[in-house]
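Using the working numbering, you'd call the opening residue of the sequence shown number 37 and step up by one each time.
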Amino acid sequence: KLVEEFVDAGADINKPNQSGKTPLMSFATLCNEMKYNIAELLIDNDADVNYIDRLGNTALIYAAGNSDHMSGKKIVSLILDKDRSTLEKVNNAGQTAMDVAIQHNNEAVVKQLI
Numbered sequence: 037k038l039v040e041e042f043v044d045a046g047a048d049i050n051k052p053n054q055s056g057k058t059p060l061m062s063f064a065t066l067c068n069e070m071k072y073n074i075a076e077l078l079i080d081n082d083a084d085v086n087y088i089d090r091l092g093n094t095a096l097i098y099a100a101g102n103s104d105h106m107s108g109k110k111i112v113s114l115i116l117d118k119d120r121s122t123l124e125k126v127n128n129a130g131q132t133a134m135d136v137a138i139q140h141n142n143e144a145v146v147k148q149l150i
């Protein structure tokens, strides 16, 4: 509810924190059901799914590495529905979302990204 009030008040939902992550990236990283709902709200309000942080990561790359594989899968779906071109992004370590999903044994996300 609080996030919704910030969005409604015109808060900059793409403003990165000190680590260079946007709110969407933060929620994609540590997603559970409640955080998924917030990520959905952010995306529905034009959060930039292609924003790149200092490490070259996008929200999709963070979601692909989410330790809660089912929540990560749901966030990946939201991001891909918004813009599939984010699949092409490569971070500073030379990894795509697919590479990160494989590295984290996230089979559900690997299947989505194929």
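For every residue, glycine included, the Cβ atom is placed at its ideal position computed from N, Cα and C.
When rounded, the separation of the alpha-carbon atoms in Ile74 and Val39 is 7 Å. Contact between the stretch 131-141 and the stretch 78-97 is present: three or more C-beta pairs spanning the two stretches fall below 8 Å. DSSP places Ile97 inside the alpha helix (DSSP H), whose first and last residues are Ala95 to Ala100.
Using a Cβ distance threshold of 7 Å, Leu60 and Ala83 count as a contacting pair. When DSSP states are grouped into helix, strand and coil, Thr65 belongs to the helix group. A direct Cα-Cα distance of roughly 13 Å separates Ser121 from Val112. Counting only residues of its own chain and dropping the five nearest sequence neighbours on each side, Val43 has a CB closer than 8 Å to the CB of Ile49, Leu77, Leu78 and Asn81.
Taking all protein chains shown into account, Ser62 has 16 or more neighbouring C-beta atoms within 10 Å of its C-beta and is therefore buried. About 6 Å separates the beta carbons of Leu91 and Asn127, which is inside the 8 Å limit, making them a contact pair.
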